[in-house]
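Peer 1: Same order as they appear, the protein sequences are chains U and P. Just so we're aligned: 135 in this note's numbering is position 135 of the first sequence, and the numbers increase by one with no gaps anywhere. Just so we're aligned: 241 in this note's numbering is position 241 of the second sequence, and the numbers increase by one with no gaps anywhere.
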Amino acid sequence: MTLTDTPARTPARTAERPFALLRHSLALARRSVVKTLRTPEQLLDVTLQPVIFVVVYVYLLGGAVAGSTHDYLQFLLPAILVQTVMFAGMATGVNLNTDIDKGVFDRFRSLPIGRSAPLIGSVLGDLIRYVLAIAVLLGFGYLLGFRIQTDPLSALAACLLTIVFAFCASWGFVLIGMLMRSPGAVQGASFLVLFPLTFGTSMITPLETLPGWLQAWVRINPVAGMMDAARGLMLGGPVAGPVLKTLLWSAGILAVLAPLAVRAYRRRA
Amino acid sequence: MLHAFEAEGLVKRFGRTTALAGIDLAARPGTVLGVLGPNGAGKTTAVRVLATLLRPDEGSARVGGLDVVRDAAKVRRLIGLTGQYASVDEDLTGTENLVLIGQLLDLRRAEAGVRAARLLEEFGLAEAAGRPAKTYSGGMRRRLDLAASLVGRPDVIYLDEPTTGLDPAKRDDVWNIVRSLVAGGVTVLLTTQYLEEADALADDISVVDHGRVIAHGTPAELKRVVGGQTITVRPADPARLADAAAIVGAVAGRVPESPARGVLTVPVDGDAAFTEVVRRLDREGIGVTELSLRLPSLDEVFVTLTGHHTTEESAA
Numbered sequence: 001m002t003l004t005d006t007p008a009r010t011p012a013r014t015a016e017r018p019f020a021l022l023r024h025s026l027a028l029a030r031r032s033v034v035k036t037l038r039t040p041e042q043l044l045d046v047t048l049q050p051v052i053f054v055v056v057y058v059y060l061l062g063g064a065v066a067g068s069t070h071d072y073l074q075f076l077l078p079a080i081l082v083q084t085v086m087f088a089g090m091a092t093g094v095n096l097n098t099d100i101d102k103g104v105f106d107r108f109r110s111l112p113i114g115r116s117a118p119l120i121g122s123v124l125g126d127l128i129r130y131v132l133a134i135a136v137l138l139g140f141g142y143l144l145g146f147r148i149q150t151d152p153l154s155a156l157a158a159c160l161l162t163i164v165f166a167f168c169a170s171w172g173f174v175l176i177g178m179l180m181r182s183p184g185a186v187q188g189a190s191f192l193v194l195f196p197l198t199f200g201t202s203m204i205t206p207l208e209t210l211p212g213w214l215q216a217w218v219r220i221n222p223v224a225g226m227m228d229a230a231r232g233l234m235l236g237g238p239v240a241g242p243v244l245k246t247l248l249w250s251a252g253i254l255a256v257l258a259p260l261a262v263r264a265y266r267r268r269a
Numbered sequence: 001m002l003h004a005f006e007a008e009g010l011v012k013r014f015g016r017t018t019a020l021a022g023i024d025l026a027a028r029p030g031t032v033l034g035v036l037g038p039n040g041a042g043k044t045t046a047v048r049v050l051a052t053l054l055r056p057d058e059g060s061a062r063v064g065g066l067d068v069v070r071d072a073a074k075v076r077r078l079i080g081l082t083g084q085y086a087s088v089d090e091d092l093t094g095t096e097n098l099v100l101i102g103q104l105l106d107l108r109r110a111e112a113g114v115r116a117a118r119l120l121e122e123f124g125l126a127e128a129a130g131r132p133a134k135t136y137s138g139g140m141r142r143r144l145d146l147a148a149s150l151v152g153r154p155d156v157i158y159l160d161e162p163t164t165g166l167d168p169a170k171r172d173d174v175w176n177i178v179r180s181l182v183a184g185g186v187t188v189l190l191t192t193q194y195l196e197e198a199d200a201l202a203d204d205i206s207v208v209d210h211g212r213v214i215a216h217g218t219p220a221e222l223k224r225v226v227g228g229q230t231i232t233v234r235p236a237d238p239a240r241l242a243d244a245a246a247i248v249g250a251v252a253g254r255v256p257e258s259p260a261r262g263v264l265t266v267p268v269d270g271d272a273a274f275t276e277v278v279r280r281l282d283r284e285g286i287g288v289t290e291l292s293l294r295l296p297s298l299d300e301v302f303v304t305l306t307g308h309h310t311t312e313e314s315a316a
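#1: At a cut of 8 Å, does the segment 217-236 of chain U reach the segment 91-98 of chain U through at least three beta carbon pairs?
#2: Where does Arg254 of chain P fall in DSSP's three states?
#3: Would you say Thr192 of chain P touches the ligand HEM, meaning its beta carbon is less than 6 Å from a heavy atom?
#4: Does the beta carbon of Leu111 of chain U come closer than 7 Å to any beta carbon on chain P?
#5: Around the C-beta of Ala147 of chain P, are 16 or more other C-beta atoms found within 10 angstroms, so that it is buried, or is it exposed?
#6: Whole angstroms are fine: how far does the CA of Val156 of chain P sit from the CA of Thr31 of chain P?
#7: Can you tell me which residues form a DSSP beta bridge with Val208 of chain P?
#8: Expressed to the nearest angstrom, what Euclidean distance is found between the alpha-carbon atoms of Ser180 of chain P and Val223 of chain U?
#9: Can you give the beta carbon distance from Ala133 of chain U to Ala88 of chain U, rounded, assuming they're within the 8 Å contact cut?
#10: To the nearest angstrom, how far is the alpha carbon of Val136 of chain U from that of Ser202 of chain U?
#11: Tell me which residues share the same chain as Gly262 of chain P and place their Cβ nearer than 8 Å to its Cβ, disregarding the 5 neighbours each side in the sequence.
#12: Please confirm whether Asp160 of chain P has its beta-carbon closer than 7 Å to some beta-carbon of chain U.
#13: According to a CB-to-CB cut-off of less than 7 Å, which residues of the segment 49-82 of chain P neighbour chain U?
#14: Under a Cβ-count criterion, where at least 16 other Cβ atoms within 10 Å of its own Cβ denotes burial, should Arg9 of chain U be classed as buried or exposed?
#15: Taking three-plus beta-carbon pairs below 8 Å as touching, is the segment 207-225 of chain P in contact with the segment 64-79 of chain P?
#16: Could you tell me whether any Cβ in chain U is nearer than 7 Å to the Cβ of Leu125 of chain P?
#17: Under 7 Å between C-beta atoms, does Asp91 of chain P make it to chain U?
#18: Looking at the secondary structure, which residues open and close the alpha helix (DSSP H) in which Glu196 of chain P lies?
#19: To the nearest angstrom, how far is the alpha carbon of Arg254 of chain P from that of Asp199 of chain P?
#20: Arg55 of chain U CB to nearest chain P CB: under 7 Å?
#21: Against chain U, with Cβ distances strictly below 7 Å, would Val178 of chain P count as a contact?
#22: Is there a Cβ of chain P sitting closer than 7 Å to that of Thr14 of chain U, yes or no?
#23: When the Cα of Ala75 of chain P is compared with those of P:Val99, P:Val49 and P:Glu90, which residue comes out closest?
#24: Do you know whose CA, among U:Lys102, U:Phe173, U:Phe75 and U:Ser116, lies nearest Leu61 of chain U's CA?
#25: Comparing the C-beta of His70 of chain U with each C-beta of chain P, is any distance below 7 Å?
#26: Give the interface partners of Leu100 of chain P over in chain U, defined as CB-CB distance under 7 Å, in chain order.
#27: Please classify Ala246 of chain P as buried or exposed, where buried requires at least 16 neighbouring CB atoms within 10 angstroms.
#28: Along the chain, where does the alpha helix (DSSP H) that runs through Glu127 of chain P open and close?
#29: Quick one: list the residues of chain P neighbouring Ala20 of chain U, beta-carbon separation under 8 Å, in chain order.
#30: Looking at the unbroken alpha helix (DSSP H) that takes in Leu77 of chain U, where does it start and where does it end?
#31: Rounded to whole angstroms, how far is the Cβ of Pro56 of chain P from the Cβ of Leu92 of chain P, which I believe are closer than 8 Å?
#32: I believe Val35 of chain P touches Ser206 of chain P by the beta-carbon criterion, under 8 Å. Please report the beta-carbon distance rounded to the nearest angstrom.
#33: Based on the DSSP output, what are the partners of Ala117 of chain P in its beta bridges?
#34: Looking at the structure shown, is Phe5 of chain P part of a helix, part of a strand, or coil, going by DSSP?
#35: Sort out for me which residues DSSP pairs Gln229 of chain P with in a bridge.
#36: For Arg108 of chain P, does the count of other Cβ atoms within 10 angstroms reach 16, so buried, or fall short, so exposed?
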């Protein structure tokens, strides 16, 4: 074998081009997307799992909670959309942890790219999972009889808001992914955080039926606010308040968790 | 610039474990430095410091005159890393892996594609270029790892145990790649557990143990210290072991060891000793079932240099 392309003699790399962090992050996001699409079993949590959740809730609880499965589906779907997308973000932390385990990130870290580029790339790349989850749930819901009662633009706004919120919240999973030792531990810790956040809401039962202490938690829980916003935008009812609350929470979560995640990543040798 | 890379007094602790205890390493431009040592000696930790992946607790390291901590970003433009811990993405194809690295090195997409195709061709991976790396054999995977570290045309390449787990033919492939890299002016840091590998490739060898260098020199110098080559004899008739021991002892000028029942090993300095042993065994009518001449194993190197075996080391 001969290496005709004698490395050291050739001039070094092309000059630095602008927007390096954005370009590197997008290249790494593309990697995430390719990997996700190439391993369909990684998509179970955004395809089959939400379908099962909907079936279980609607046909098990629908009669008891709402008196009819149809009415319950209307009540449930915007909220379970939020839950599904939140759960979908968990994979970001698990995958990042796996990458570090396997040494893929050592190669990235030995390259002259921004320290945060691999993290931003993963978070951006996993947006495709959110979009897929929303498409599956709306499609399946439609088949079961779910109908948007506002207008398509509001429904689109609900979807976009959900994605923005989940994007910001997913930095929490990135942080967990950096702090835990194994992908399994990331999953376990993420569930611990997710359960109070997604089930401590009015997702499956109306707020009035909950005990006082739980109602207090639901009122401050940002995920509950997000679910209110999604219901408002898809079914009608208060919109401005919950949407504003969700946007503020999103910005706050991002501002706190993203730097913490990047710091944890730098520290992890 | 005297050295392509140099590490001085590196110390790195992980909790109560001291991985590096003041290690010094350096290589002149265009040469191969072999870092020879058992598992747990600190080889990988030293590579990770030189590759800007770990900050040393004490000491300093420079690549191309740039400090690996202060000028980490610039150092990353000079280096390529391949090894146990820096690996390719198994879900991506050979081409995708190399194009991604090209893009991260600020090549335009088209340029990155050309570079990837060329490297895959040179490393004999053109046919497998479109397959996910997880379908590659061990040898192909290692070549892709190597190719990945060369996308940026680095001046300094770190190869962390590049042949561990490869069969001899695949190992020769990797050796040839390393030789052609050096012919092209690249400086290589090669870690290995095999004296044979260090002897075949390195201009200088640093033997490391417990996070520090315990011996340094050219392969020739090192072999002079550890006895060059080792003769192994297994007499067909175990009763004649003592006679055989007398012969090899007389030729080598050293008392032979018996690492296993019925087997004798002794270090010798020159190639002529082997012929002499064969001649004398024949003259005495001692048949053998095993007779070989080889470089000392890492364990034998350690016994000579430190008086103890490497296995005791890793257990410590």
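Don't be surprised by glycine CBs; every beta carbon is placed ideally from N, CA and C.
Peer 2: Taking the definition as stated:
#1: Here the segment 217-236 of chain U makes no contact with the segment 91-98 of chain U; the two share fewer than three CB pairs at distances below 8 Å.
#2: Collapsing the DSSP output to three states places Arg254 of chain P in coil.
#3: This structure simply doesn't include the ligand HEM, nor any ligand for that matter.
#4: Yes, its Cβ sits closer than 7 Å to a Cβ of chain P.
#5: When all chains shown are included, Ala147 of chain P counts as buried.
#6: One C-alpha to the other measures close to 10 Å.
#7: DSSP lists P:Val213 as the bridge partner or partners of Val208 of chain P.
#8: One C-alpha to the other measures close to 58 Å.
#9: Indeed they touch by this definition, with Cβ atoms about 5 Å apart.
#10: Here the alpha carbon of Val136 of chain U sits roughly 22 Å from the alpha carbon of Ser202 of chain U.
#11: Arg234, Pro235, Pro238 and Leu241.
#12: Using a Cβ-Cβ cut-off of 7 Å, Asp160 of chain P does not count as an interface residue toward chain U, since no Cβ of chain U sits closer than that to its own.
#13: Answer set for the segment 49-82 of chain P: Ala51, Thr52, Leu53, Leu54, Ala73, Arg76, Arg77, Ile79 and Leu81.
#14: Residue placement at Arg9 of chain U is poorly supported in this model, since its pLDDT is 39, which falls under 50; the coordinates still yield a value, given next. In summary, Arg9 of chain U is exposed, with fewer than 16 beta-carbon neighbours lying within 10 Å of its beta-carbon over all protein chains present.
#15: Result no; under three Cβ-Cβ pairs closer than 8 Å.
#16: Interface criterion not met: the Cβ of Leu125 of chain P is under 7 Å from no Cβ in chain U.
#17: Yes, contact with chain U.
#18: Counting along the chain, the alpha helix (DSSP H) containing Glu196 of chain P begins and ends at Leu195 to Leu201.
#19: Just so you know, the alpha carbons of Arg254 of chain P and Asp199 of chain P end up roughly 23 Å apart.
#20: The question names Arg, but residue 55 of chain U in the sequence shown is Val. Not closer than 7 Å to any Cβ of chain P, the Cβ of Val55 of chain U fails to qualify, so no.
#21: Output row for Val178 of chain P: interface = no.
#22: With a pLDDT of 46 at Thr14 of chain U, under the threshold of 50, the predicted position of this residue should be treated as unreliable, though the coordinate-derived value follows. At least one chain P Cβ lies under 7 Å of Thr14 of chain U.
#23: What sits at residue 75 of chain P in the sequence shown is Val, not Ala. Ranked by Cα distance from Val75 of chain P, the first of P:Val99, P:Val49 and P:Glu90 is P:Val49.
#24: If we check each option's Cα against that of Leu61 of chain U, U:Phe75 comes out closest.
#25: His70 of chain U does not count as touching chain P.
#26: Within chain U, the C-beta atoms nearer than 7 Å to that of Leu100 of chain P come from Ala27 and Arg31, in chain order.
#27: The C-beta of Ala246 of chain P has fewer than 16 other C-beta atoms within 10 Å across all chains shown, which makes the residue exposed.
#28: First-last for Glu127 of chain P: undefined, no H or E at that position.
#29: Chain P residues near Ala20 of chain U: Asp106.
#30: Thr69 to Lys102 is the span of the alpha helix (DSSP H), which, as asked, contains Leu77 of chain U.
#31: With a beta-carbon spacing of about 32 Å, Pro56 of chain P and Leu92 of chain P fall beyond the 8 Å limit used to define contacts.
#32: Your pair Val35 of chain P and Ser206 of chain P checks out as a contact, with CB atoms roughly 5 Å apart and the cut at 8 Å.
#33: Per DSSP, none; premise fails for Ala117 of chain P.
#34: Of the three classes helix, strand and coil, the one that applies to Phe5 of chain P here is strand, per DSSP.
#35: According to DSSP, Gln229 of chain P bridges with P:Val268.
#36: Arg108 of chain P comes out exposed.
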